[in-house]
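K.L.:
Numbering of the sequence shown is given in my numbering, commencing with residue 9 and proceeding in unit increments.
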Amino acid sequence: MKVDTTPYLRLRRDIHRHPELSNQERETTRRIREFLAGYGLELRPIGGLNGGFVRIDAGKARTLCFRADIDALPLNEQTGAPFASEHPGVMHACGHDMHTAIAAGVACELHKARDRLGCNVAVLFQPAEEANPTGGARPVAEAGFLKEQGIDEMYGLHMWPSLPVGDIELRPGPIMAASDRFQIEVLGAAAHAAEPHLGVDAIAIASELHCALTQKLRREVDPFTPISVSIGAFQSFGRYNVVCGRVLLEGTVRTTDEATRAYLHRRIQEISRQTAALYRGRAEAVIHKGYGIVQNSPELFRRFAGYAQSLLGAGHVHTDIGPSLIGEDFYYFSQTLPSLYFHMGCQSEHPLHSNRFLPREEVLDAAVDLMTGFFLAQ
């Protein structure tokens with residue numbers, strides 16, 4: 009069904025202009041609430057959390073839920089868009105403004121067509137997706153939303169800049185990775201640079217660790233298993249003419265199955281200790297478990313992919329893909345309920361989390377049309 013998405017586009021631009029960080033989305037919530045009220049819909053609260061949900065109750069046995077995340081990122085926008093962020097240091101660089109507008113569109117269109125629904129639909133506006141490892145999905149569930157609303161199936165999407173507008177990609181099983189963080193403190197012994205034999209160089213040890221963890225560890229895992237171990241921060245504590253006695257490394261490990269996840273956690277700790285000991289130093293790795301693996305239900309995959317192919321055409325529905333190594337707190341829903349998560353093409357020149365990321369606005373038409381039609385077909 010083709011709908012007029014002009015009002016939803018205005019909402020998207022309004023939210024993009026006024027972004028808010030995780031767990032601070034009070035004004036965003038107000039804008040969503042006021043927009044929905046104009047269409048006769050009530051944004052209902054979930055405990056004391058920001059965001060909320062709309063329920064389109066058709067008096068049916070099943071209740072399906074569509075989730076959108078509403079928070080922004082700590083970046084200074086450089087898109088040059090006429091509706092660019094007015095909040096310095098905060099930007100919708102992951103497409104959550106578009107997700108929110110799509111969800112509002114789906115809620116309004118289903119409300120208009122509620123007499124045609126074969127299921128009840130809840131539309132969830134979720135806070136704090138970017139707040140790894142806590143996130144917003146778990147607090148939403150712990151506040152009783154899933155149980156109280158009798159949610160049977162959960163659906164979600166993500167803007168995907170590498171795909172053209174009108175294309176989607178999805179797969180059964182894992183589609184988004186576990187995203188964990190680690191910190192490694194390397195301790196050597198400081199000494200004058202003119203007398204290096206009297207010290208233990210923590211920078212040299214940390215350099216060995218960087219190579220071992222980001223390159224050599226890959227050789228211990230099946231080459232067909234997607235993983236990523238990256239060190240993004242390397243901080244030394246010393247002076248130019250002193251053998252460095254302390255270094256702090258920080259990084260992330262991404263995996264798509266729990267056995268590999270556990271193996272890499274153990275090996276990061278072992279390699280850190282053993283490499284440092286080899287060079288007469290010490291190192292301890294602390295790993296913080298973050299978001300888990302987003303798993304697509306095979307049955308929901310079959311139903312959704314079949315509908316999408318009938319609407320978009322088989323050439324625009326890509327199912328022969330590997331999982332992404334990006335993390336998502338939608339994993340918490342997929343642990344609890346049959347769930348379906350997919351990537352929605354938005355054809356951006358710049359990647360997610362770039363301060364130049366700007367999805368094509370035509371994606372709003374494509375996504376509202378797809379999700380509204382799908383829910384009406386259930």
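Ideal Cβ positions, reconstructed from N, Cα and C, are used throughout, including at glycine.
Touch check for the stretch 75-93 and the stretch 150-160: three-plus C-beta pairs under 8 Å?
P.N.:
In short, these stretches do not touch, since the Cβ pair count stays below three.
K.L.:
Starting from alanine 293, follow its DSSP beta bridges and name the residues at the other end.
P.N.:
For alanine 293, which the question treats as bridged, DSSP gives the partners Ile192.
K.L.:
Whose C-alpha, out of Lys224, Pro169, Gly55, is nearest the C-alpha of cysteine 354?
P.N.:
If we check each option's Cα against that of cysteine 354, Pro169 comes out closest.
K.L.:
Mind checking whether phenylalanine 61 and arginine 52 have CB atoms under 9 Å apart?
P.N.:
Yes, the Cβ-Cβ distance between phenylalanine 61 and arginine 52 is below 9 Å.
K.L.:
Measuring alpha carbon to alpha carbon, tell me which residue in Gly181, Val208, Thr37, Ser356 is nearest glycine 330.
P.N.:
Closest by alpha carbon: Gly181.
K.L.:
Give every residue of the same chain whose Cβ lies closer than 7 Å to the Cβ of threonine 268, excluding the five residues on either side of it in the sequence, and list them in chain order.
P.N.:
Same-chain partners within the cutoff: Val229, Thr233, Ile235.
K.L.:
Per the DSSP calculation, glutamine 243 is bridged to which residue(s)?
P.N.:
Paired residue(s): Leu256.
K.L.:
Between which two residues does the alpha helix (DSSP H) harbouring histidine 166 extend?
P.N.:
Counting along the chain, histidine 166 falls outside any alpha helix (DSSP H), though it belongs to the beta strand (DSSP E) covering 161-168.
K.L.:
If you drop the 5 nearest sequence neighbours on each side, which residues of the same chain put their C-beta closer than 6 Å to that of alanine 293?
P.N.:
Around alanine 293: Phe190, Ile192, Ile276, Gln277, Ser280.
K.L.:
Quick check: serine 362 and methionine 184, are their CB atoms within less than 9 Å of each other?
P.N.:
Their beta carbons are not under 9 Å apart, which means serine 362 does not touch methionine 184 by this criterion.
K.L.:
Whose CA, out of Gly253, Tyr248, Ala220, lies closest to the CA of alanine 197?
P.N.:
Answer by Cα proximity: Gly253.
K.L.:
In the structure shown, what three-state DSSP assignment does cysteine 219 receive?
P.N.:
Reduced to three states, the DSSP call for cysteine 219 is helix.
K.L.:
If you follow the alpha helix (DSSP H) that glycine 143 is part of, which residue opens it and which one closes it?
P.N.:
Note, glycine 143: premise wrong, no alpha helix (DSSP H); not H, not E.
K.L.:
Could you check if proline 96 is buried or exposed, using at least 16 other CB atoms within 10 Å of its CB as the buried criterion?
P.N.:
By the neighbour-count rule (16 or more Cβ atoms within 10 Å), proline 96 is not buried but exposed.
K.L.:
Compute the beta-carbon to beta-carbon distance between glutamate 173 and valine 371, rounded to the nearest angstrom, for a pair I have assumed lies under 8 Å.
P.N.:
Strictly speaking, residue 173 in this sequence is valine, with glutamate absent from that position. The pair is a contact, with the Cβ atoms about 5 Å apart (cut-off 8 Å).
K.L.:
Restricting to Cα atoms, I'd like to know which of Leu256, Val129, His26 is closest to phenylalanine 242.
P.N.:
Nearest option by C-alpha distance: Leu256.
K.L.:
Return helix, strand or coil for alanine 385, following the three-state DSSP convention.
P.N.:
Of the three classes helix, strand and coil, the one that applies to alanine 385 here is coil, per DSSP.
K.L.:
Alpha carbon to alpha carbon, how far is threonine 87 from leucine 366? Give it in angstroms, no decimals.
P.N.:
Leucine 366 and threonine 87: Cα-Cα distance of roughly 7 Å.
K.L.:
For the stretch 343-350 and the stretch 300-315, state whether three or more C-beta atom pairs, one from each stretch, are separated by less than 8 Å.
P.N.:
Touching, yes.
K.L.:
Considering only DSSP beta bridges, list what threonine 263 is partnered with.
P.N.:
For threonine 263, which the question treats as bridged, DSSP gives the partners Ala186, Ile235.
K.L.:
Below 7 Å CB to CB, which residues in the same chain sit around isoleucine 334 once its five sequence neighbours on both sides are set aside?
P.N.:
Met184, Ala185, listed in sequence order.
K.L.:
For the pair the stretch 54-68 and the stretch 117-130, tell me if three or more CB-CB distances fall below 8 Å.
P.N.:
Result yes; three or more Cβ-Cβ pairs closer than 8 Å.
K.L.:
Which term fits valine 250, buried or exposed, when burial requires 16 or more other beta carbons within 10 angstroms of its beta carbon?
P.N.:
Answer is exposed; the Cβ neighbour count stays below 16.
K.L.:
Could you check where the alpha helix (DSSP H) with threonine 318 kicks off and where it finishes?
P.N.:
One point to set straight first is that residue 318 is serine, not threonine, in the sequence displayed. 306-320 is the extent of the alpha helix (DSSP H) around serine 318.
K.L.:
Can you tell me where the alpha helix (DSSP H) holding serine 342 begins and where it ends?
P.N.:
339-344 is the span of the alpha helix (DSSP H), which, as asked, contains serine 342.
K.L.:
By Cβ distance, which residues of its chain are closer than 7 Å to glutamate 369, with the 5 residues on each side in sequence left out?
P.N.:
Excluding residues within five positions, the ones whose Cβ falls inside 7 Å are Leu17.
K.L.:
Are the CB atoms of glutamate 161 and leucine 319 nearer to each other than 9 Å?
P.N.:
No. Outside cutoff.
K.L.:
Would leucine 178 be called buried (16 or more neighbouring beta carbons within 10 Å of its own) or exposed?
P.N.:
Flag for leucine 178 reads buried.
K.L.:
Can you name the residues that DSSP bridges to leucine 72?
P.N.:
Val129, Glu161, per the DSSP bridge assignment.
K.L.:
Would you call the CB atoms of glycine 298 and asparagine 58 closer than 9 Å?
P.N.:
No; because the gap between Cβ atoms is not below 9 Å, this pair is not in contact.
K.L.:
Helix, strand or coil, according to DSSP, for glycine 353 in the structure here?
P.N.:
Here glycine 353 sits in strand by DSSP.
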